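All remarks here apply to the structure that follows.
Numbering (the working numbering), first residue to last: 42 to 122.
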């Protein structure tokens, strides 16, 4: 069940980050990848800032979205226009 929640949070975080950064999602698989990588980045950022939540579902989603937005922002820096 934890794996399923991990996947669902990743998909939702990737979708929300896509909405925040460019106004739309990327598709199920790319949303999942962005959300999962965003979760790792978000966890690292929150640890650096010494910000912690209760470890609940909402906090995990917030952390993943923050990390995914940072990931998409960094990618946009390298993207040619």
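Glycine residues also receive a C-beta, built at the ideal position from the N, C-alpha and C atoms. Bear in mind the structure is a predicted one, so any value in this text is a computation, not a measurement.
query = Which one of 60, 84, 55 has the shortest CA to CA distance from residue 74?
reply = Indexing the chain shown from 1 puts residue 74 at position 33. Distance check between residue 74 and each of 60, 84, 55 places 55 closest, using alpha-carbon atoms only.
task = Report the rounded CA-to-CA distance for residue 110 versus residue 45, giving the unit in angstroms.
result = Locating residue 110 in the chain shown gives position 69, where the first residue counts as 1. Locating residue 45 in the chain shown gives position 4, where the first residue counts as 1. For residue 110 and residue 45, the distance between alpha carbons rounds to 22 angstroms.
request  = Could you spell out where the alpha helix (DSSP H) holding residue 120 opens and where it closes?
outcome  = Stepping through the chain shown from its first residue, residue 120 is reached at position 79. Segment: none, residue 120 is in no alpha helix (DSSP H) and carries neither H nor E.
ask   = Under a Cβ-count criterion, where at least 16 other Cβ atoms within 10 Å of its own Cβ denotes burial, should residue 26 be classed as buried or exposed?
value = Outside the displayed range of the chain (42 to 122) lies residue 26, so it cannot be described from this structure.
key: Supposed contact pair residue 105 and residue 83 - C-beta distance, whole angstroms, cut 8 angstroms   = Position 42 of the chain shown holds residue 83. Position 64 of the chain shown holds residue 105. Between residue 105 and residue 83 the Cβ distance is about 5 angstroms, and since that is below 8 angstroms, they are a contact.
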